[in-house]
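For the sequence shown, this note's numbering begins at 59 and goes up steadily by one.
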Amino acid sequence: ANNIENVRWYASAEFDEKTLHEVYLKQWSIIVAESSPEMVMTAYNRAQGSWANQNPKFISILRNRLGFEGTVMTDWFATLESVMSIQE
């Protein structure tokens, strides 16, 4: 949900559950099901107020709903809170 490049460090992508499931997750569902990626990379920005790489909701959806079993890594220099990102 990173639609703003020039202020990605300051912006938080805000969207409702319907948009999340019908727009963003639909694409990821197809990717995971058809190509079985070994790794995905999180975005720099915040999504719904928390950093994308530290949001347990999104990691849980990726793992539990979409069935992704691979590695989740941060984008370059996107880890701002090391302990939190390791826990998720």
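Glycine included, each C-beta is placed from N, C-alpha and C at the ideal position. Predicted model only: the values in this text are computed from it and were never measured.
Would you mind stating whether residue i and residue j have Cβ atoms separated by less than 7 Å?
i, j, result
"residue 71", "residue 103", "yes"
"residue 132", "residue 111", "yes"
"residue 120", "residue 87", "no"
Could you tell me the distance, in whole angstroms, from the CA atom of residue i to the CA atom of residue j?
i, j, result
"residue 127", "residue 105", "22 Å"
"residue 74", "residue 82", "11 Å"
"residue 77", "residue 115", "15 Å"
"residue 92", "residue 108", "29 Å"
"residue 95", "residue 85", "13 Å"
"residue 134", "residue 99", "9 Å"
Skipping 5 residues on each side, what residues in its chain have a beta carbon closer than 7 Å to that of residue i?
i, result
"residue 97", "128, 129, 131"
"residue 90", "124, 125, 126"
Residue i: which of the options sits nearest, CA to CA?
i, options, result
"residue 68", "79, 101, 89, 90", "101"
Could you name the residues of the same chain whose beta carbon sits closer than 6 Å to that of residue i, not counting the 5 residues immediately before and after it, in chain order?
i, result
"residue 80", "none"
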